[in-house]
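> Take a look at the following structure, please.
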Amino acid sequence: MIVQSEQVSLKHLLTVEALSDQEVMGLIHRGNAFKKGAIWLPRKKQYFAANLFLKIVRAHIKVLK
552 MIVQSEQVSL
562 KHLLTVEALS
572 DQEVMGLIHR
582 GNAFKKGAIW
592 LPRKKQYFAA
602 NLFLKIVRAH
612 IKVLK
C-alpha cells in the first residue's frame with residue numbers, strides 16, 4: 552500500500568488488520584472526500600473484462616435447443 556499526503560493507493564485490500572494507523576486514516580479521509588462529492592479519477596486507464604465466455608454460452612444454448 553502506498554500513502555502519499557493522506558491519499559491511499561490500494562492494489563488489493565484483503566484484511567484491514569494488516570493496515571498501519573496512517574493507512575487507516577488515509578482511507579477514512581478518502582471516504583470523507585467521497586461523501587463530500589469528490590469524484591474518483593483513475594490515474595491509469597482501466598480495462599474490465601465482462602463477456603469473456605459469451606461465445607461459449609451461446610454455443611451451449613444452441614446445442615440445447
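Heads up, our numbering is the position in the sequence shown plus 551, with the first residue counted as 1.
Glycine included, every Cβ here is placed at the ideal spot set by N, Cα and C.
Give every residue of the same chain whose Cβ lies closer than 7 Å to the Cβ of Lys587, excluding the five residues on either side of it in the sequence, and list them in chain order.
So no residue of the chain qualifies.
> Please work out which residues of its chain come closer than 6 Å, Cβ to Cβ, to Pro593, disregarding the five sequence neighbours upstream and downstream, and give them in chain order.
Excluding positions up to five away in sequence, the list is empty.
> Measuring only the C-alpha atoms, how far is Val575 from Asn583?
Those two C-alpha atoms are separated by around 12 Å.
> Suppose you measure from the CA of Gly577 to the CA of Lys595; what does that come to, to the nearest Å?
Roughly 20 Å between the two C-alpha positions.
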